[in-house]
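K.L.:
First the structure, then my questions, so here it is.
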Amino acid sequence: MNSRISYDVIGFALFAGVILFGVPAILGYDAFELSTFSRYLSLAIVSMALALSWGTAGLLNLGQAATFGMGSYAMAMHLKLKASGESLPDFMGWNNVDTLPWLWVPFQSLTFTLLAGFLIPAGVGGLIAVFMFRARIAGVFVAIITLAFLVAFQLLVINQQGFTGGQNGLTGLAPLEIFGWVVDIYSVSFYYLVSACLLVALTLGLYLTHSKFGLVLRAIREDPERTRYFGYNVASYETLIFCISAALAGWAGMLYALVLEFASPTYMSVSFSLAIVIWCAVGGRESVLAAAIGAILVNLAEGRLSDVFVEGWHLILGVMFLLVVMFMPRGIYGLIVDAGRALKRQGSRAETVEYNPPDALLSQNRES
Amino acid sequence: MDVVFNQVFAGLSFASILLIIALGLAIIYGTMGVINLAHGEFVMLGAYATWALQTYAGLGVVTALPLVFLAVAAAGWIIEKVIVQRLYARPLDTILATWGIGIIIQQAVRLGIGPDSRFVQGPQWLTGNLQIGNLVMSNYRLFVIAFAIFILGATWLLMTRTEFGMKLRAVIQNRNISECYGIKAEKVYSVTFAYGAGLAGIAGALITPLFSTIPTMGTGLVVDAFLVVIVGGLGSLMGTAAAAMLIGEVTALFSIVMNDTLGRIAVLAGIILLIRFRPRGLFPSDTRR
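Okay, here's the thing in structure tokens:
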């Protein structure tokens, strides 16, 4: 177990080095390229948030995009109000809304917005989690309930045109202003803001997965019934990780709305939600770091390849995803772990023939 | 009052299409526990097969039905053999894999045939309406309702009155024990998957005169159909039928009181509540799990 922590710390340090120094150097501190890359980094946060609930606790949340969207709308509402100044946001006028809706009023405050970006998704995620896990709903049904919630929530946002901008979303946003610093998304400092957020989120994720809390979550993933017999309150653990995951998704959403300078109901679409699952699966759902890297790699590939194969890109993505699910269910992370283990075994075989039954037996049991 | 009657008929028409799609899904889910998110794409394939048969061979929608059924069933059979069969031990991963299959089929059709909408002519002998008082019922929709009932009956006969149905029910109840009795579960799975896919193809063929035929047409349908399966209960044909009726009618009737979107949201919320309190559906069958 200790060696696993040190590997993760080394991996994290390498990753941080690449993100903080390598990427800006390779991109030549080009403001436009860095802004594109900070988009990938904000998506990496939502991917690692999914790894926390899916990879660690085995709860496949297909509604991750809903909490992501809440975060992005929270940020966009604040910026929209700022852009409109004293008057009402423009789309409200088109929809015959005369006074500022009560839902919008508190978003005039930046502090409230930043808190709401975490707390509203966490609260909603918590409510759904309590609702599901008190009834011991698990496995496929978690996926279906969260999916149905996502579809309903997106429909609601599109339908309430006067409050949410409907299908168009919230556009024409003002730049964010924190402590007198006006955030320019085409700047190196903005890139460092987003990477700092990602690194903090990853630190939190790594801490959680290596703590006792993470151990209990893995136990729940393997066998909830047995964990319950050991005296753990499975529902509370599941609810807590669901809340944390939702809060991180909301955080990612806030950053994403900043980078793209608009919020749109497509952030809450089923296909976006499943795309998050793809990134997480490609990187490796068992490790938060791998899930983040998966998101960056897939989006990077999408950015580069979709120029070359404009038409066929989604086909390539589909085939790639299918192959990952079928042949490398643990993602790139699984490949690396297996390779490392094989190397180690070869090294130790040269000296003494080491018999390593528990691991082999465990993996066999899991297969059956 | 006329509005209500017309909405009841619209709900019935929607329910009949949902039923055919959901039946295939229910059989696949009930038998193998596979959530087939590519089912909507099978519907889409059925619609495109109908379009191709009408454009190039001059067949009508109804005459094309058996061919469409066979074609889509063959596609389903191949997909089961090559991909789904490897994933039975990992049910959550089948959601992801079948979604991947869905993307691939959808994009392949988009690249091969084109993204724009295709038009399919409804059958000549079913044009016109049946009118009772102020209730207007299109003949074609009536035909679809009748055909859905026929499919339900045929599936029921297949499940309860044939040797294959007996094997299928045995495998649903306990795969290991049935294999001890010499039933080849893998073969049963393949045929079941193909049959489910074929039903989706038929649904696709039947909706061509009502919906526009585009590569993304299946995506919305599969969510609805899947909710029907969950509400109806695992492995229960009559449950699926009742749930299709319920969801079709409730959606139609809600949209009188509220608008369409809010009606759908209300239905989704109702379904979430139902799964929470009756995760085995309204009409669970007595299988042991």
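Taken in order, these protein sequences are the chains called A and B.
Going by our numbering, the first sequence opens with residue 1, and the numbers climb by one from there.
Going by our numbering, the second sequence opens with residue 1, and the numbers climb by one from there.
Even for Gly, the Cβ is constructed at its ideal location relative to N, Cα and C.
Does the Cβ of Glu177/A have 16 or more other Cβ atoms within 10 Å, making it buried, or fewer, making it exposed?
P.N.:
Counted from its first residue, the first sequence places residue 177/A at position 177. By the neighbour-count rule (16 or more Cβ atoms within 10 Å), Glu177/A is not buried but exposed.
K.L.:
If you draw a straight line from the C-alpha of Val3/B to the C-alpha of Leu268/B, how long is it?
P.N.:
Within the second sequence, residue 3/B is the residue found at index 3, counting from 1. Within the second sequence, residue 268/B is the residue found at index 268, counting from 1. Roughly 23 Å separates the two Cα atoms.
K.L.:
Gly312/A versus chain B: which residues are under 7 Å apart at the beta carbon?
P.N.:
Along the first sequence, one-based indexing puts residue 312/A at 312. Here the neighbours are Leu111.
K.L.:
Against chain A, does Leu96/B count as a neighbour if the rule is that its beta carbon must be under 7 Å from one of theirs?
P.N.:
Against the second sequence, residue 96/B aligns to sequence position 96. Yes, Leu96/B counts as interfacial toward chain A.
K.L.:
Straight-line CA distance for Ile26/A to Gly93/A?
P.N.:
Here residue 26/A refers to the residue found at position 26 when the first sequence is read from its first residue. Here residue 93/A refers to the residue found at position 93 when the first sequence is read from its first residue. One C-alpha to the other measures close to 46 Å.
K.L.:
Using a Cβ distance threshold of 8 Å, determine whether the stretch 159-173 of chain A contacts the stretch 68-76 of chain A, with at least three qualifying pairs required.
P.N.:
Result yes; three or more Cβ-Cβ pairs closer than 8 Å.
K.L.:
Report yes or no: do the stretch 13-25 of chain A and the stretch 271-279 of chain A share at least 3 C-beta pairs separated by less than 8 Å?
P.N.:
With the cut-off at 8 Å, the stretch 13-25 of chain A and the stretch 271-279 of chain A do not touch.
K.L.:
How do the stretch 72-91 of chain B and the stretch 247-260 of chain B stand: do at least 3 beta-carbon pairs fall below 8 Å, yes or no?
P.N.:
As far as the Cβ criterion goes, the stretch 72-91 of chain B does not touch the stretch 247-260 of chain B, which means the pair count is below three.
K.L.:
Nearest by alpha-carbon distance to Gly133/B: which of Asn6/B, Val62/B and Phe283/B is it?
P.N.:
Along the second sequence, read from residue 1 onward, the residue named residue 133/B stands at position 133. It is Asn6/B.
K.L.:
Would you mind working out which of Gly165/B, Gly182/B, Thr219/B and Pro215/B sits nearest Tyr195/B, comparing C-alpha positions?
P.N.:
Taking the second sequence and counting its residues from 1, one reaches residue 195/B at position 195. Selected option, being the one with the closest Cα: Gly165/B.
K.L.:
List the whole-angstrom C-beta distance separating Leu217/A from Thr67/A, where the pair is believed to meet the contact cut-off of C-beta under 8 Å.
P.N.:
Sequence index remark: in the first sequence, residue 217/A carries index 217 (1-based). Sequence index remark: in the first sequence, residue 67/A carries index 67 (1-based). 19 Å between Cβ atoms; not a contact.
K.L.:
Which residues in the same chain as Phe143/B place their Cβ atom closer than 7 Å to its Cβ, once the five residues preceding and following it in sequence are excluded?
P.N.:
For the purposes of this step, residue 143/B is taken as the residue at position 143 of the second sequence. Cβ neighbours of Phe143/B beyond the five flanking positions: Leu126.
K.L.:
Along chain A, which residues have their Cβ under 7 Å away from the Cβ of Asp93/B?
P.N.:
Position 93 of the second sequence, counted from the first residue, corresponds to residue 93/B. Result: Val325 and Pro329.
K.L.:
I'd like to know if Leu335/A contacts chain B, where contact means its C-beta is closer than 7 Å to some C-beta of that chain.
P.N.:
Start at 1 with the first residue of the first sequence, and residue 335/A comes out as number 335. With 7 Å as the cut-off, Leu335/A does not count as an interface residue toward chain B.
K.L.:
Considering only DSSP beta bridges, list what Ala263/A is partnered with.
P.N.:
Along the first sequence, one-based indexing puts residue 263/A at 263. BP columns for Ala263/A point to Leu170/A.
K.L.:
So what does DSSP say about Gln311/B, is it helix, strand or coil?
P.N.:
As shown, chain B starts at 1 and ends at 289. That puts residue 311/B outside it, with no answer to give.
K.L.:
Rounded to the nearest angstrom, what separates Thr111/A and Met77/A at their Cα positions?
P.N.:
Reading the first sequence from its first residue, position 111 is the one you call residue 111/A. Reading the first sequence from its first residue, position 77 is the one you call residue 77/A. Answer to the nearest angstrom: the Cα atoms are 13 Å apart.
K.L.:
Taking three-plus beta-carbon pairs below 8 Å as touching, is the stretch 238-249 of chain A in contact with the stretch 320-338 of chain A?
P.N.:
At 8 Å Cβ cutoff, the stretches do not touch.
K.L.:
Please state whether DSSP places Met75/A in a helix, a strand or coil.
P.N.:
The residue you call residue 75/A lines up with position 75 of the first sequence. Reduced to three states, the DSSP call for Met75/A is helix.
K.L.:
Can you tell me where the alpha helix (DSSP H) with Val68/B in it begins and where it stops?
P.N.:
For the purposes of this step, residue 68/B is identified with residue 68 of the second sequence, where counting begins at 1. Note, Val68/B: alpha helix (DSSP H), Val61 to Val82.
K.L.:
Of all the options Leu158/B, Thr261/B and Gly204/B, which has the alpha carbon lying nearest to the alpha carbon of Val188/B?
P.N.:
For the purposes of this step, residue 188/B is taken as residue 188 along the second sequence, with counting starting at 1. Nearest option by C-alpha distance: Leu158/B.
K.L.:
Identify which residue in Gly162/A, Arg221/A and Ser42/A has its Cα closest to the Cα of Ala295/A.
P.N.:
In the first sequence, counting from the first residue as 1, residue 295/A sits at position 295. Of the candidates Gly162/A, Arg221/A and Ser42/A, the one whose C-alpha sits nearest the C-alpha of Ala295/A is Ser42/A.
K.L.:
Closer than 6 Å by C-beta to Tyr232/A: which residues in its own chain qualify, once you throw out the five before and the five after it? Chain order, please.
P.N.:
Translated into positions along the first sequence, residue 232/A becomes position 232. Cβ neighbours of Tyr232/A beyond the five flanking positions: Val216.
K.L.:
Hey, would you say Ala47/B sits closer than 7 Å to Thr208/B, going by beta carbons?
P.N.:
Reading the second sequence from its first residue, position 47 is the one you call residue 47/B. Reading the second sequence from its first residue, position 208 is the one you call residue 208/B. Yes, they are a contact pair.
K.L.:
Could you tell me the distance, in whole angstroms, from the CA atom of Ser47/A to the CA atom of Ala219/A?
P.N.:
Counted from its first residue, the first sequence places residue 47/A at position 47. Counted from its first residue, the first sequence places residue 219/A at position 219. Whole-angstrom Cα-Cα distance: 22 Å.
K.L.:
Could you name the residues of chain A that Leu262/B contacts, counting a contact when the two beta carbons are closer than 9 Å?
P.N.:
For the purposes of this step, residue 262/B is taken as residue 262 along the second sequence, with counting starting at 1. Result: Leu155, Leu156 and Asn159.
K.L.:
Are any of the Cβ atoms in chain B nearer than 7 Å to that of Leu45/A?
P.N.:
Position 45 of the first sequence holds residue 45/A. Reading off the sequence shown, one finds Ile at residue 45/A, where the question assumed Leu. Cβ-Cβ to chain B under 7 Å: no for Ile45/A.
K.L.:
Measuring only between beta-carbons, confirm whether Pro115/B sits less than 7 Å from chain A.
P.N.:
Within the second sequence, residue 115/B is the residue found at index 115, counting from 1. Not an interface residue.
K.L.:
Flag this pair as touching only if the stretch 27-36 of chain B and the stretch 87-100 of chain B have three or more C-beta atom pairs under 8 Å; answer yes or no.
P.N.:
Contact between the stretch 27-36 of chain B and the stretch 87-100 of chain B is present, because at least three Cβ pairs lie under 8 Å.
K.L.:
Mind reading off the beta-carbon distance from Phe9/B to Leu92/B? Whole number of angstroms is fine, and I expect it under 8 Å.
P.N.:
The residue you call residue 9/B lines up with position 9 of the second sequence. The residue you call residue 92/B lines up with position 92 of the second sequence. Actually they do not touch by this definition, with Cβ atoms about 40 Å apart.
K.L.:
Against chain A, with Cβ distances strictly below 7 Å, would Arg280/B count as a contact?
P.N.:
Sequence index remark: in the second sequence, residue 280/B carries index 280 (1-based). Cβ-Cβ to chain A under 7 Å: no for Arg280/B.
K.L.:
If Ser245/A sits next to Leu81/A, beta carbons under 8 Å apart, how far is it from one beta carbon to the other, in whole angstroms?
P.N.:
Along the first sequence, read from residue 1 onward, the residue named residue 245/A stands at position 245. Along the first sequence, read from residue 1 onward, the residue named residue 81/A stands at position 81. In fact, because the Cβ distance is near 28 Å, the residues do not count as touching under 8 Å.
K.L.:
So which residues of chain B does Ala281/A contact, with C-beta pairs closer than 8 Å?
P.N.:
As a first step, residue 281/A is located in the first sequence; it is residue number 281 there, counting from the start. Per Cβ cutoff of 8 Å: Leu96.
K.L.:
At least one CB of chain B closer than 7 Å to the CB of Ile145/A: is that the case?
P.N.:
As a working note, residue 145/A is residue 145 in the first sequence. For Ile145/A, the answer is yes, since a Cβ of chain B falls inside 7 Å of its Cβ.
K.L.:
Taking buried to mean at least 16 other C-beta atoms within 10 Å of its own C-beta, is Lys167/B buried or exposed?
P.N.:
Here residue 167/B is taken as the residue at index 167 of the second sequence, counted from 1. Result: buried.
K.L.:
Is it buried or exposed for Ile149/B, if we count other Cβ within 10 angstroms and need 16 for buried?
P.N.:
Position 149 of the second sequence, counting from 1, holds the residue named residue 149/B. By the neighbour-count rule (16 or more Cβ atoms within 10 Å), Ile149/B is not buried but exposed.
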